[in-house]
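Below is one structure; the comments refer to it alone.
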C-alpha cells in the first residue's frame, strides 16, 4: 500500500465519512492486522492507530468493535504503545463500566497492551490516577462480572500487571484482602483464559518471597492438589492450557509450602504421581524439597547466587534434555498452544 492509497483509506476512517464507507474501511484495516506484515505496516503509520483509537467511540457499535479488533492485534506491537497510552483513561472507563457493550473488547485490548513491563507500568499509573481504589478496582470488576458476559481477559490483565513489584505489593497487602478474592477463580472451569491469568497472577506474587510470602502461603497451599494428573483429564483441545496452569500451580505451592509440605510428606507423595512429560522439568524442584534442610544462607533458593559457569552448564543440560524428549517423541508433533495471555490474533 503506497502513500496515496494509505491517505485515501485513512480519509474513510474519519468521522466526516459516510457510515457505510467508514464501516468498510475499518473492516479493511482490521483485516491487515491478522498478518505480521500488515501489523508492521500499520505500526509505521501512527495516524492509522490514532484513527482506530478514535473509532472505538464511534456511534455504531459494530464499527467500534471492528476498531477494537484491529487494536487488539496491534496492541502487542511495541510501536503502538505511545499512541495507545493516550487512550488509557477512556479504555479504563469502558472496562469498568458494567453497562458498556464494549467492556470485553477494552479488556482484551488492555491485556495485550500490558504484556511488556514498561506498558504495564503505564497502565498501572493511569489506573491509580483515574480510580481511587487503583488496582483493586480491577479485582472487584473480576468478581462482579457476569461469567457469561465475558471480561475473562481480566485474568491475563492482572497477570501482566503483577509483574510489577508495586502491583504485587497491593495484591499481597493483608489489610486489603485482595488475594482472597482471586483464589476462587483458580477453579473457574468456564474459561481457561480467566483461570490461567489468575494462576499466573498468583505465581508472580510468589516472587515477593520475603515477609509477604508468609501471607500468601496460607492461601496457596490447597492449590497443590489442583496440579494432579486427574485435573488434566478432558478434551485434548483444552489439555495444553490445563497443563500450563497445572505447572504454575506446582511452582506456587512448592515455593510457598516448603516447610509445611515436608512435614506432611506431600512433596514425596506428589513426586510419585504419574505426571505428563511437560511436568518433568517442574518436578525437578521436588527433589530439592525432599532433601534435608539446606545449610545456613541457602534456605531460600530464590536468593541463592549461582556461579555463571554453573548456570550456563545447567541451561545446556536443560536444552539437551529437551532435545532428547523431542527425539523420543514425547513432544507433540504439533506445538502446544501457549498459556492464555490475552492475545487475540
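Residue numbers (our numbering): 20 to 364. For glycine and all other residues, C-beta sits at the position ideal for the given N, C-alpha and C.
Residue interval of the alpha helix (DSSP H) (run including residue i)
| i | result |
| --- | --- |
| residue 125 | 122 to 132 |
| residue 205 | Per DSSP, residue 205 belongs to no alpha helix (DSSP H) and is neither H nor E. |
| residue 211 | 211 to 224 |
| residue 101 | 100 to 105 |
| residue 55 | 55 to 62 |
| residue 91 | 80 to 93 |
| residue 38 | 38 to 51 |
| residue 139 | 136 to 149 |
| residue 21 | Where residue 21 is concerned, there is no enclosing alpha helix (DSSP H), given that its DSSP letter is neither H nor E. |
| residue 65 | 65 to 74 |
Buried or exposed (CB count within 10 angstroms, at least 16 for buried), residue i
| i | result |
| --- | --- |
| residue 19 | Residue coverage of the chain in this structure runs from 20 to 364, which leaves residue 19 outside it and unanswerable. |
| residue 85 | buried |
| residue 63 | exposed |
| residue 175 | buried |
| residue 333 | exposed |
| residue 198 | buried |
| residue 196 | exposed |
| residue 91 | buried |
| residue 54 | exposed |
| residue 209 | exposed |
| residue 118 | exposed |
| residue 216 | buried |
| residue 130 | buried |
| residue 292 | Legend: pLDDT at residue 292 = 47, less than 50; position of this residue unreliable, value from coordinates given subsequently. Exposed, because fewer than 16 other Cβ atoms sit within 10 Å of the Cβ of residue 292. |
| residue 338 | exposed |
| residue 48 | buried |
| residue 335 | exposed |
| residue 163 | exposed |
| residue 177 | buried |
| residue 106 | buried |
| residue 212 | buried |
| residue 40 | exposed |
| residue 389 | A query on residue 389 cannot be resolved here, the shown segment of the chain reaching from 20 to 364 and no further. |
| residue 358 | Residue confidence is low: residue 358 scores 44 on pLDDT, short of 50, so the model does not pin down where it sits. Its coordinate-derived value is still stated next. Burial call: buried. |
| residue 124 | buried |
| residue 77 | buried |
Beta-carbon proximity check, residue i vs residue j, cutoff 9 Å
| i | j | result |
| --- | --- | --- |
| residue 71 | residue 45 | yes |
| residue 179 | residue 214 | no |
| residue 88 | residue 52 | yes |
| residue 219 | residue 181 | yes |
| residue 120 | residue 75 | no |
| residue 42 | residue 68 | no |
| residue 97 | residue 138 | yes |
| residue 94 | residue 170 | no |
| residue 201 | residue 158 | yes |
| residue 161 | residue 204 | yes |
| residue 222 | residue 183 | no |
| residue 150 | residue 190 | no |
| residue 73 | residue 38 | no |
Any chain B beta carbon closer than 9 Å to residue i
| i | result |
| --- | --- |
| residue 53 | No chain B appears in the structure shown, which is made up of a single protein chain. |
query: Does the segment 144 to 156 come close enough to the segment 101 to 116 to have 3 or more Cβ pairs within less than 8 Å?
result: yes
- request: Mind listing, in chain order, the continuous alpha helix (DSSP H) runs of no fewer than 4 residues lying wholly within the segment 162 to 203?
  value: 173 to 180, 184 to 190, 198 to 201
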